[in-house]
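Numbering (this note's numbering), first residue to last: 95 to 371.
Note that CB positions come from ideal geometry on N, CA and C, so glycine has one too.
Please read these numbers as outputs of a predicted model, since none were measured by experiment.
The structure is reproduced here in C-alpha cells:
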C-alpha cells in the first residue's frame with residue numbers, strides 16, 4: 095500500500111524518543127501516515143500487506159483498524175502485534191510517531207502491527223467504557239478478520255496496551271480470551287486488577303505467558319495533565335496476576351519517566367525477544 099504524491103518525499107521519524115538507541119538500524123523508519131486522516135496526502139507507507147483505516151463490525155459495534163507491514167517475510171512464520179491505544183486513540187489517528195516505531199520493531203521480529211480503534215463513540219474514545227462489548231469486538235476482529243485474511247501464525251501473537259489500552263488488557267483480554275495472547279503482553283502506563291478471571295488459565299499459560307507491567311515512576315496521578323494513577327494500577331494489576339499463579343509476571347517502575355515519555359519501542363522489542371526465548 096505504497097502511494098507517494100509526485101514530489102512528496104517520505105519522512106524518517108526518530109525512534110530514540112521511544113527507547114531505541116540512535117545506532118539501532120530500526121531507529122529511523124519511514125513515517126507512517128493515515129492518508130484517510132491527513133487531508134491532501136496519499137502517502138501511507140503501510141507496506142505490502144498493509145491496509146489503513148479498515149472497518150470491522152461485530153454484534154452491532156463498528157470500529158476501524160490499521161494493518162501495518164514494516165517488511166515481513168511471508169516465507170517465514172509471520173507474527174502479529176496487537177497495539178491498543180490510550181484514551182483519545184491518538185496512536186490510531188496519528189500513526190506518524192509511536193505507531194511508526196512500534197511497526198519497525200514488530201517487523202524486525204517478522205510480525206505485522208495491527209492498531210485498532212475502539213468502536214466506542216461516547217465522547218473521548220476509550221476501551222474501558224463498555225469494556226465487555228469492546229472486548230467482544232476486539233477478539234472477533236482478531237479471530238474473524240486478522241487471522242482469516244493475513245498469513246499470521248496463531249502461536250506468535252503479542253499484545254501491547256498503553257494507558258486505557260493497558261486497562262483493556264488487564265480487565266478484558268487477559269482476564270478472559272487469553273488464548274489469543276500466545277507470545278505475551280506488555281501493559282504500559284496502567285493495567286489494574288480485575289475482581290476475578292472470567293476464564294481459568296491453562297497450565298501452559300500460567301507457566302509460559304510473559305505479562306509485563308511497565309510504568310513511569312512519576313505517573314502517579316499527581317498532575318492535571320495525567321490524573322490517572324498508573325503506578326497504583328500497575329502494582330495492583332501485576333500483583334493480581336502473580337497471585338493467580340502466572341509465573342512470568344514482571345513489574346518495572348522506570349525512574350524519571352511519566353505518562354507521556356515511555357520507551358514503548360524498547361519495551362515491545364524486549365518483550366518479543368523474551369517471548370521467543
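Do residue i and residue j have their CB atoms nearer than 8 Å?
i: residue 219; j: residue 183; result: yes
i: residue 325; j: residue 308; result: no
i: residue 358; j: residue 113; result: yes
i: residue 139; j: residue 124; result: yes
i: residue 254; j: residue 280; result: yes
i: residue 263; j: residue 285; result: yes
i: residue 244; j: residue 211; result: no
i: residue 161; j: residue 235; result: no
i: residue 221; j: residue 258; result: yes
i: residue 304; j: residue 362; result: no
i: residue 225; j: residue 265; result: yes
i: residue 109; j: residue 216; result: no
i: residue 345; j: residue 329; result: yes
i: residue 141; j: residue 165; result: yes
DSSP three-state call for residue i: helix, strand or coil?
i: residue 222; result: coil
i: residue 199; result: helix
i: residue 212; result: coil
i: residue 105; result: coil
i: residue 359; result: helix
i: residue 256; result: strand
i: residue 246; result: coil
i: residue 375; result: With the chain represented from 95 up to 371, any question about residue 375 goes unanswered, as that position is not in the structure.
i: residue 116; result: coil
i: residue 336; result: helix
i: residue 205; result: strand
i: residue 323; result: strand
i: residue 268; result: coil
i: residue 312; result: coil
i: residue 409; result: Nothing can be reported for residue 409: it is not among the residues displayed for the chain, which extend from 95 to 371.
i: residue 344; result: strand
Roughly how many whole angstroms lie between the Cα atoms of residue i and residue j?
i: residue 319; j: residue 272; result: 32 Å
i: residue 250; j: residue 370; result: 9 Å
i: residue 98; j: residue 126; result: Because residue 98 sits at a pLDDT of 37, beneath the cut-off of 50, its placement in the model cannot be relied upon, and the following sentence gives the value as read from the coordinates. Roughly 12 Å between the two C-alpha positions.
i: residue 117; j: residue 155; result: 43 Å
i: residue 327; j: residue 167; result: 38 Å
i: residue 201; j: residue 296; result: 29 Å
i: residue 106; j: residue 177; result: 21 Å
i: residue 180; j: residue 195; result: 16 Å
i: residue 193; j: residue 356; result: 13 Å
i: residue 342; j: residue 275; result: 13 Å
i: residue 209; j: residue 159; result: 5 Å
i: residue 306; j: residue 153; result: 31 Å
i: residue 290; j: residue 269; result: 7 Å
i: residue 242; j: residue 267; result: 20 Å
i: residue 128; j: residue 352; result: 27 Å
Every unbroken beta strand (DSSP E) within the region 127-182, with a cutoff of 3 residues, ordered by chain: You should have 145-152, 155-162, 173-178.
Does the structure place the region 143-153 close enough to the region 333-346 that three or more beta carbon pairs sit under 8 Å? no
With three or more C-beta pairs closer than 8 Å as the rule, is the region 163-174 touching the region 306-314? no
Taking only runs that begin and end inside the region 273-309, name each unbroken beta strand (DSSP E) of 3 or more residues, in chain order. 279-282
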